[in-house]
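Novice: Per my numbering, the sequence shown starts with residue 64, numbered consecutively.
Idealized CB from N, CA, C, for every residue including glycine.
My structure is below; once you've seen it, I'll send some questions.
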Amino acid sequence: MKFKLTEELWKEGNMYVSYCPEFDIASCGETVDQAKKNLKEVILINLEEAQKIGTLDKLLQEAGFDKTQGILALRKELVGFTPIEVAL
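Following this line, the structure appears as structure tokens:
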């Protein structure tokens, strides 16, 4: 089963943080590649554990996935991610 997920990356101090908002999971690494690799690993572990205990369908539904005709798809699609400034 394959998933298309969103990954947010940012630098925090001397570490890189990788975050998946669909599953509210984050990981980090000393490089961008390491942070990305670590995030994929943590997501996979969470999915495997949910499958083992029988809660995978609930997890996917809560993350925003719909299963239509055997295909998993997000109900929403990220179309942009732009920093903005607001002054008060």
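Which word fits residue 106, buried or exposed, when buried means at least 16 other C-beta atoms lie within 10 angstroms of its C-beta?
Specialist: Label assigned to residue 106: buried.
Novice: Compute the Euclidean distance between the alpha carbons of residue 79 and residue 113, then round it to the nearest angstrom.
Specialist: Roughly 27 Å between the two C-alpha positions.
Novice: Distance check for residue 147 and residue 88, CA to CA, integer angstroms please.
Specialist: Roughly 24 Å between the two C-alpha positions.
Novice: Along the alpha helix (DSSP H) that carries residue 88, what are the first and last residues, could you check?
Specialist: Residue 88 -> not in any alpha helix (DSSP H); beta strand (DSSP E) instead, spanning 88-92.
Novice: If the criterion is Cβ atoms closer than 7 Å, does the pair residue 94 and residue 84 meet it?
Specialist: Contact flag unset, no.
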